[in-house]
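Peer 1: A single structure is presented below for examination.
Numbering (my numbering), first residue to last: 4 to 91.
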């Protein structure tokens, strides 16, 4: 086979994958972000339920949900540290 044909076919496949794969990546990223936000809200709910005995209460709002969802346990620990040391 002529190398020009092979390079043309590979280039065409790359273009098709870039065009077809772009919408799928956006949807996948939005889905993962939504799942992380839900996990963050659940973590905050569990923290508020279990931390009530120790005087820990973190309000569940968009900022705290984003911090706990995207950063995970370290983000939750940072929110608890802010609550204990800054808020008193």
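Note that beta-carbon positions come from the ideal geometry of N, C-alpha and C, so glycine has one too.
Touching or not, the segment 38-45 and the segment 58-78, by the rule of three or more beta carbon pairs under 8 Å?
Peer 2: These segments touch.
Peer 1: Taking only the alpha-carbon atoms, compute the straight-line gap between residue 61 and residue 33 and give it to the nearest angstrom.
Peer 2: 26 Å
Peer 1: Have a look at 56, 6 and 51 and flag the residue whose alpha-carbon is nearest the alpha-carbon of residue 64.
Peer 2: 51
Peer 1: Taking the C-alpha atoms as reference points, what is the distance between residue 57 and residue 17?
Peer 2: 57 Å
Peer 1: Do residue 85 and residue 59 have their beta-carbon atoms positioned less than 7 Å apart in this structure?
Peer 2: Against a cut-off of 7 Å, the Cβ pair of residue 85 and residue 59 comes out as no contact.
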